[in-house]
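If you're matching positions, the sequence shown starts at 1 in my numbering and goes up one per residue.
For each residue, glycine too, the CB sits at the ideal point set by N, CA and C.
See below for the structure under consideration.
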Amino acid sequence: MLELRDLRKSYQGRAVLHGLTHRFGAGQFVAIMGESGVGKSTLLNIIAGLDSPDSGAVIIDGQSMAGLDDDAATALRRTRMGFVFQAFHVLPHLTLTQNVALPLLLNGGGAEAAAQASAMLAAVGLQGRGDDFPRQLSGGEMQRVAIARALVHRPALVLADEPTGNLDPETADAILALLRRQIKATGATAIMVTHSHAAAAQADQILVLSTLGLDLLS
Ligand SMILES: Nc1ncnc2c1ncn2[C@@H]1O[C@H](COP(=O)(O)OP(=O)(O)OP(=O)(O)O)[C@@H](O)[C@H]1O
Ligand SMILES: [Mg+2]
């Protein structure tokens, strides 16, 4: 479903990704761990097409991302990917339903978008809160909204960078169980970057990124 071929990336002459090759199986939930600064977020951004590698290829369903023009890359992101990035904040001036419906509307969804968003909010335990605004939520509830929005359009690939980074351990556990359930329910392939061993334990497989590449946690 997703293949990385000899990815290389440097910033100001300093190599971050040193020829990374890996194949992610369809429907797998993979956690990526590794030291701060080793390039985990860089890798996710490159997979998302938000940053480009200096060389090498990201291949999604047999199609190289580099072969796509900007419009095609945007369309691929909107239709096939879901993001739980801390930088992708829930929008403060939209209600929860409007926030979650956003990917559907961007993909041309119409009348059913609000109903699907409400159903997704219910799936993350926020039933009846659809008309609330983000400021009325706790951090954990906000993260649930972010997960609902990341999954509402049933993306084939879910990318999450520290999805529970600023939550207490109990809330983090509940959110991750929820993320896992939703990923498995939709059959998505998912990659989650985390520093937390408890979080990583929810994944099917734990990989460690180092200058040597991506290797199974031993
Ligand atoms: N846009 C950029 N310009 C210059 N250097 C960058 C840029 N983005 C990342 N870097 C550098 O690349 C390296 C890897 O950064 P990255 O954010 O991928 O690390 P990380 O593994 O996600 O770390 P953390 O666990 O702290 O989030 C760091 O040394 C960082 O300073
Ligand atoms: Mg990071």
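Would you say residue i touches ligand 1, meaning its beta carbon is less than 6 Å from a heavy atom?
i	result
Val38	yes
Thr42	yes
Val16	yes
Under 6 Å: does the beta carbon of residue i sit that close to some heavy atom of ligand 2?
i	result
Arg55	The sequence given here places Ser at residue 55; Arg does not occur at that position. No, the Cβ of Ser55 stays beyond 6 Å of every heavy atom of ligand 2.
Ser64	no
Between the options, which has its C-alpha nearest residue i's C-alpha?
i	options	result
Pro92	Asp69, Phe133, Gly108 and Gly67	Phe133
Phe24	Gly62, Glu170, Gly128 and Ile147	Gly62
Thr189	Gly109, Pro155 and Leu207	Pro155
Ile191	Gly37, Asp173, Leu44 and Gly39	Leu44
Gln143	Asp51, Asp168 and Gly128	Asp168
Ala228	Gly128, Val124, Leu157 and Leu216	Limits of the chain in this structure are 1 at one end and 218 at the other, which puts residue 228 out of reach.
Val145	Gly13, Phe85, Glu170 and Gly67	Phe85
Thr79	Leu105, Ala66 and Ser64	Leu105
Leu157	Leu126, Gln116 and Gly49	Gly49
Roughly how many angstroms separate the alpha carbons of residue i and residue j, rounded to a whole number?
i	j	result
Leu76	Thr42	19 Å
Gln98	Ala122	14 Å
Thr74	Met81	10 Å
Leu212	Ala198	24 Å
Asp131	Ile183	26 Å
Phe83	Ser218	28 Å
Gly110	Leu96	17 Å
Ala172	Pro103	24 Å
Val38	Leu207	13 Å
Ile28	His195	It should be pointed out that residue 28 corresponds to Gln in this sequence rather than to Ile. About 19 Å.
Ala15	Ser210	12 Å
Val193	His18	18 Å
Tyr11	Gly187	35 Å
His89	Leu216	31 Å
His22	Leu2	8 Å
Leu214	Leu94	39 Å
Ala114	Arg129	13 Å
Glu170	Gly67	43 Å
Ala119	Ala72	29 Å
Pro53	Leu20	11 Å
Ala101	Gln127	14 Å
Gln116	Gly13	47 Å
Gly108	Lys40	32 Å
Met65	Ile46	10 Å
Ile147	Glu112	19 Å
Report task. Determine, using beta-carbon pairs with one atom in the region 129-138 and one in the region 156-163, whether at least three such pairs fall under 8 Å. Result -> no
Query raised in the report: Is there contact between the region 191-207 and the region 21-33, where contact requires at least three CB pairs shorter than 8 Å?
Result: yes
Query raised in the report: Between the region 52-62 and the region 4-15, do three or more beta carbon pairs fall short of 8 Å?
Result: yes
Query - At least three beta-carbon pairs within less than 8 Å, the region 141-152 to the region 175-191 - result: yes
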